[in-house]
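Data first, discussion second: the structure below is written as structure tokens.
Residue numbers (this note's numbering), protein chains in the order written: chain A, 243 to 475; chain B, 18 to 245; chain C, -4 to 39; chain D, -1 to 234.
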């Protein structure tokens, strides 16, 4: 237990450290972008959050399939943890996206493909956790969480293509045309930083879920002594 | 074969129940009509605006009515736990799922002949017979797409205290592709389709329906493993 | 200077970074709190 | 009355260390049951002693938390549909759709069992429970006793080999109770297995070959039908 505790806090701390380093480079070392100016620096947290949110949702999907297959509590805990951490990253993503929209287009919200998709994604997975909170029986809760996670994740690509078609007359994704090496470095560092932090969060959340589940696992009562004599078979 | 027979028995039973309880169908229809009316107040008496939004309003009326119909279809099952009576029989859960989904699809299709004329009149839209036929086809695809995850989630939430909140919460974000596809394609039918884009939207609706009919059919037996 | 260049905007950058930090911290804090609450519950 | 045959294939029901936990509560624990084909078994015990849980576990409506079982040699996990074909359970609920008629209910159930019910057969069945005059009325208008009788007809459709009855006598009048008693006698002579849970001990104890007394989810005592009356008189 204590050894386990060490590895995940280690990863968490490493992530934190990397986040400081990456953000420092992103904020103060990397050059400002030609058109976006300083605002482009938001990308150094925004893009890693986006990558990791997708990654964590995908983990939730994979864990959900395993959980449905094996019915093991640990996979249910992993599914829940991944869905919840995904929601946290997704929320951050939306706020950063909104700030980005404000800074570049002058509005707090734009029906951009990625922004819209991530909002719908957030609602999808929030629904999963809402459903979960209403089910009392532990094994049914696990099954239903897994099912809802699978159903929600399969929708993500559909939503993405749909929004893209829906917004067919819409500006091409703005890609910075001068990518200095000093822009790639903080992006990569922060991507790993957020990944490590997400892993730490997922392990903590999964442990919490397993502890809760363990609390319910009362062992079978002692066998009661049979009563009566001659009639007993 | 046996699977299809069982599914059709479930559909027959559901249609009979729907027919006997006409009040339910009529209430859901009235609800749809009322929403159509309310939408026109939200936009105001500007007929150009209304005409442009007619397709969207029509699909929203379908979507809002669908949750009522879906939760109703399982309230009947839970009233005297008839669903448990079905689960105790040697019925394949997959047959049960497809039976319920098919009858829910048919129920939603029944809304079209009432809601479409009301929308055409209220929003003063002209539509020829061919357009009407295409619209019904799109409506069918949308109904099938809504019913597949809708039946799964309606079954899962049918014994939870807050089904009324939970079902739309789960279903609405999920069926956004259906909503967008149906709104875009039906609007094109109503306002003209110069670039003939209806086909690709119909393809989107069809692929959503196919994906979720298969996926939810696979998942439903797990969902009811320990009863509902 | 080319057209459409955004000048300044440091306040947006600061807002984005601090909200991200605050969000991550808040969630980490809630995790720690929930686990602690659970542990005391189990002992009590 | 002891059973020496442990070959599960020759037994109608065999459970080994069956247990079911709901949340933190064990509703059933350490349940070892061996029922031979053709036996009529009575489960007795106070409310919450685990009778219903045991019946629902056997019927496959719950998954056991612990232990295993076989139904006529079949593992319910592997051969779910075959088990369902073998057994029938009538529990506390009536499984009815208020808007269907008595006749239609019977037809739906039979069709889902994969058979077809002739109208004449259905009327004959309904006559048994004295509902033939009401066959075309929606069951929503039926009294509790009439609904119960209609639902109990499920045990006579397609005639399963294992009949599980949870409180079959509740909500029934004396005539109805006599009828169910006759049915159970009929099942016994036809070689079917019956497990019933009941609070109506005077009636059910004279029906059964063996009786089990449950308390706090465990089988505390087993013996003959006559003996359970004395036993319950002294302990409960």
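Cβ atoms here follow ideal geometry from the backbone N, Cα and C, with glycine treated the same way.
query, result
"Can you give me the start and stop residues for the alpha helix (DSSP H) that residue 278 of chain A sits inside?", "It is not in any alpha helix (DSSP H) - residue 278 of chain A carries neither H nor E in the DSSP assignment."
"For residue 154 of chain B and residue 202 of chain B, what's the separation of their Cα atoms in angstroms?", "11 angstroms"
"Quick one: Cα of residue 142 of chain D to Cα of residue 153 of chain D, how far?", "18 angstroms"
"Using a Cβ-Cβ distance cut-off of 8 angstroms, determine whether residue 218 of chain D contacts chain A.", "yes"
"Quick one: give me the first and last residue of the beta strand (DSSP E) that residue 72 of chain D is part of.", "Looking at the DSSP string, residue 72 of chain D is not in any beta strand (DSSP E), and its letter there is neither H nor E."
"Going by DSSP, what residue range makes up the beta strand (DSSP E) through residue 11 of chain D?", "11 to 20"
"Between residue 404 of chain A and residue 300 of chain A, what straight-line distance do the alpha-carbon atoms span, to the nearest angstrom?", "20 angstroms"
"Where residue 196 of chain D and residue 203 of chain D are concerned, what is the direct C-alpha to C-alpha distance, given to the nearest angstrom?", "9 angstroms"
"Indicate whether at least one CB of chain B lies closer than 8 angstroms to the CB of residue 308 of chain A.", "no"
"In its own chain, which residues sit with a C-beta less than 8 angstroms from the C-beta of residue 424 of chain A, not counting the 5 before and 5 after it?", "267, 271, 272, 273"
"Compare the Cα-Cα distances from residue 252 of chain A to each of A:451, A:435, A:390 and report the closest residue.", "A:435"
"What are the residues in the region 56 to 78 of chain D lying within 9 angstroms of chain A by C-beta distance?", "61, 63, 64"
"Distance cutoff 8 angstroms, beta carbons only. Does residue 243 of chain A sit that close to anything in chain C?", "With a pLDDT of 45 at residue 243 of chain A, under the threshold of 50, the modelled position of this residue cannot be trusted; read the value that follows with caution. Not an interface residue."
"Residues in the same chain with beta-carbon distance under 8 angstroms from residue 266 of chain B, minus the five sequence neighbours each way, listed in chain order, please.", "Given that chain B is displayed from residue 18 to residue 245, the structure contains no residue 266 of chain B and the question cannot be resolved."
"Within 10 angstroms of the Cβ of residue 47 of chain B, are there 16 or more other Cβ atoms? Answer buried if so, exposed if not.", "exposed"
"Pair every Cβ in the region 176 to 189 of chain D with every Cβ in the region 100 to 112 of chain D, then say whether three or more of these pairs are closer than 8 angstroms.", "no"
"Just grab the DSSP bridge partners of residue 210 of chain D for me.", "D:41, D:220"
"Quick one: give me the first and last residue of the alpha helix (DSSP H) that residue 128 of chain D is part of.", "No alpha helix (DSSP H) contains residue 128 of chain D, which DSSP labels as neither H nor E."
"In the DSSP assignment, what are the bridge partners of residue 17 of chain C?", "Answer is none; residue 17 of chain C lacks a bridge partner."
"Going along the chain, which residues of its own chain have a beta-carbon closer than 7 angstroms to the beta-carbon of residue -1 of chain D, five neighbours each way excluded?", "Note on residue -1 of chain D: pLDDT 41, under 50, position unreliable in the model; the coordinate value appears next. Excluding positions up to five away in sequence, the list reads 208, 222."
"Residue 142 of chain B to residue 149 of chain B, Cα distance in whole Å?", "12 angstroms"
"Taking buried to mean at least 16 other C-beta atoms within 10 Å of its own C-beta, is residue 19 of chain D buried or exposed?", "buried"
"From the DSSP output, in three-state form, read off residue 9 of chain B for me.", "A query on residue 9 of chain B cannot be resolved here, the shown segment of chain B reaching from 18 to 245 and no further."
"Just to confirm my understanding: we take residue 109 of chain B, look at its own chain, exclude 5 residues before and 5 after, and list those with CB closer than 6 angstroms. What are they?", "20"
"Along the region 0 to 24 of chain C, where does the CB come closer than 8 angstroms to a CB of chain A? Name the residues.", "0, 1, 2, 3, 4, 5, 7, 8, 10, 11, 12, 14, 15, 18, 19, 22, 23"
"Assuming residue 447 of chain A and residue 326 of chain A make a contact with CB atoms under 8 angstroms, what is their CB distance in whole Å?", "6 angstroms"
"Have a look at residue 217 of chain D and residue 53 of chain D and give me their C-alpha separation to the nearest angstrom.", "13 angstroms"
"Determine which residues of the region 431 to 451 of chain A have a Cβ less than 9 angstroms from any Cβ of chain C, and write them out in chain order.", "436, 439, 442, 443, 446, 447, 449, 450"
"Please confirm whether residue 182 of chain D and residue 205 of chain D have their CB atoms less than 8 angstroms apart.", "yes"
"Are residue 132 of chain D and residue 100 of chain D touching if we call contact CB-CB under 8 angstroms?", "yes"
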